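A short write-up of the structure that comes next.
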Amino acid sequence: AQSVTQLDSQVPVFEEAPVELRCNYSSSVSVYLFWYVQYPNQGLQLLLKYLSGSTLVKGINGFEAEFNKSQTSFHLRKPSVHISDTAEYFCAVSEDTGGFKTIFGAGTRLFVKA
Amino acid sequence: NAGVTQTPKFRILKIGQSMTLQCTQDMNHNYMYWYRQDPGMGLKLIYYSVGAGITDKGEVPNGYNVSRSTTEDFPLRLELAAPSQTSVYFCASTSGTDAFHEQFFGPGTRLTVL
Numbered sequence: 001a002q003s004v005t006q007l008d009s010q011v012p013v014f015e016e017a018p019v020e021l022r023c024n025y026s027s028s029v030s031v032y033l034f035w036y037v038q039y040p041n042q043g044l045q046l047l048l049k050y051l052s053g054s055t056l057v058k059g060i061n062g063f064e065a066e067f068n069k070s071q072t073s074f075h076l077r078k079p080s081v082h083i084s085d086t087a088e089y090f091c092a093v094s095e096d097t098g099g100f101k102t103i104f105g106a107g108t109r110l111f112v113k114a
Numbered sequence: 115n116a117g118v119t120q121t122p123k124f125r126i127l128k129i130g131q132s133m134t135l136q137c138t139q140d141m142n143h144n145y146m147y148w149y150r151q152d153p154g155m156g157l158k159l160i161y162y163s164v165g166a167g168i169t170d171k172g173e174v175p176n177g178y179n180v181s182r183s184t185t186e187d188f189p190l191r192l193e194l195a196a197p198s199q200t201s202v203y204f205c206a207s208t209s210g211t212d213a214f215h216e217q218f219f220g221p222g223t224r225l226t227v228l
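In the order they appear, the protein sequences are chains H and V.
Heads up: the first sequence is residues 1 to 114, going by the numbering used here.
Heads up: the second sequence is residues 115 to 228, going by the numbering used here.
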């Protein structure tokens, strides 16, 4: 069965500093990987996704993530964060088995300080 | 397109009361989902539907019921509300015509059971 582990529940960081939010997954089959962002009092929206091909995926708002199959990781990075990046970030995985269920991690709360 | 809409935004219930959370999508998506989000727990799948007339249980279905009479609507019914059902509920949908599994979320319903 697939599972997702987000290694940090909270990440405080100063504005303009780089940030990495870590995500590991487990699955016995090929997977699709996603990062979603949830701003306060809103639903989740897609930040980026890995389907196949290049392991470095670029998303909206300057975020990128790297798929590492050997380490079963999909860490999210941004070289310089803004106050407006304060939000909760969810890593998610779907198996490429024809089903349409997605498993979400517990979330990482990114708090950007001035 | 409005995307995925949910009503109500907020609701307070007394123990033992019942209510229906409404969810509508205008993207002609086949697949629809109900999640609950509890602090530090990520999203847990309650029920999902792969098309009109077809529903199935997710991870945490107890205390809930769903129906899917049309492609657009996927209401979630709470019978005999309990404090353990205090949560934020999200409805989501995906097209199901490809394996990319990106989900589109509604803004959520914040439910408190007292």
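For glycine and all other residues, C-beta sits at the position ideal for the given N, C-alpha and C.
Keep in mind it's a predicted model, so treat the numbers as computed, not measured.
Relative to residue 173 of chain V, the option among V:125, V:219, V:164 and V:147 whose CA is nearest is V:147.
Interface annotation, residue 102 of chain H: in contact with chain V, CB-CB separation under 8 Å. For the options H:17, H:85, H:15 and H:90, the alpha carbon positioned closest to that of residue 154 of chain V is the one of H:90.
Per DSSP, reduced to three states, the secondary structure at residue 197 of chain V is helical.
As the crow flies, the alpha-carbon of residue 109 of chain H is around 6 Å from that of residue 11 of chain H. Comparing alpha-carbon positions, the option among H:96, H:46, H:26 and H:114 lying closest to residue 72 of chain H turns out to be H:26. Collapsing the DSSP output to three states places residue 152 of chain V in coil. For residue 155 of chain V, the C-beta contacts it makes with chain H under 8 Å involve 106, in order along the chain.
Measuring C-alpha to C-alpha distances from residue 142 of chain V to each of V:180, V:186 and V:157 identifies V:186 as the nearest.
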